[in-house]
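Scroll down for the structure; my scribbles are underneath it.
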Amino acid sequence: MHISRSIEVLVGFFVAIGFVAMFFLSMEVSNLSNVGGEEGYDVKANFENIGSLKVRAPVSMAGVNIGRVKAIDFDPESFEAVVTMNIEAQYNQLPLDTNASILTAGLLGEQFIGLEPGGEEDVLVNGSEIELTQSALVLEQIIGQFLFNSASKE
0 MHISRSIEVL
10 VGFFVAIGFV
20 AMFFLSMEVS
30 NLSNVGGEEG
40 YDVKANFENI
50 GSLKVRAPVS
60 MAGVNIGRVK
70 AIDFDPESFE
80 AVVTMNIEAQ
90 YNQLPLDTNA
100 SILTAGLLGE
110 QFIGLEPGGE
120 EDVLVNGSEI
130 ELTQSALVLE
140 QIIGQFLFNS
150 ASKE
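Take 0 as the starting number for the sequence shown in numbering that gives the first Met the number 0 and just add one per residue.
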């Protein structure tokens, strides 16, 4: 059976388009679609326990993603985790007394940072630090406390 050259080229073209589409889809699913294109400003927050928070985890406010976790470091002086977040430039009016909490999407989902605005008129700028933080709730610790309290009542 003789296949014409134009059909071979057309099939090759569609296969190449398929690979490109798979690449972009995998980048989107893995939250790497905006690598290197960070615009906005960086803010830091210290947490006693970050649980399983990862770099590139979402930063959200009122359920809307407004940024990503840029870096996670350890402060040897305070023995706390220092989380650097990159907030998109369009969200440049966050009050200075904004509260940052590490939350979990669902019961066992990925962790993210949830921001709650305060009432101060001064706003966060590049290099600001969020003072009000709430560490991650670790499910194992909660279950352990529940079991310990149940055993001590008996």
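From the three backbone atoms N, C-alpha and C, an ideal C-beta is built for every residue, glycine too.
With residue i and residue j assumed to form a contact (beta carbons below 8 Å), what rounded beta-carbon distance in angstroms separates them?
i	j	result
Ile65	Ala135	Actually they are not in contact, since the Cβ atoms of Ile65 and Ala135 sit about 19 Å apart, beyond 8 Å.
Glu47	Glu79	6 Å
Using DSSP's beta-bridge definition, name the partner residues of residue i.
i	result
Asn64	Ser59
Met84	Val42 and Val68
Ile101	Ile112
Glu79	Asp74
Val122	Pro94
Gln133	Ser100
How is residue i classed by DSSP in three states: helix, strand or coil?
i	result
Gly11	helix
Ser127	strand
Note down, in chain order, each residue of its chain lying with its Cβ closer than 6 Å to the Cβ of residue i, except the 5 sequence neighbours on either side.
i	result
Asn85	Glu37, Gly39, Asp41, Gly66, Arg67 and Lys69
Ala44	Val82, Ala99, Ile129 and Thr132
If distances are taken between C-alpha atoms only, which option among the options comes closest to residue i?
i	options	result
Glu119	Phe46, Phe12 and Thr97	Thr97
Phe124	Glu7, Ser51, Gly143 and Gln89	Per the sequence shown, the amino acid found at residue 124 is Val instead of Phe. Comparing Cα-Cα distances from Val124 to each of Glu7, Ser51, Gly143 and Gln89, the minimum goes to Gln89.
Arg55	Val137, Val14, Gly117 and Glu109	Glu109
Ser127	Pro94, Gly113, Ser149 and Phe73	Pro94
Asp121	Gln92, Glu7 and Ile112	Gln92
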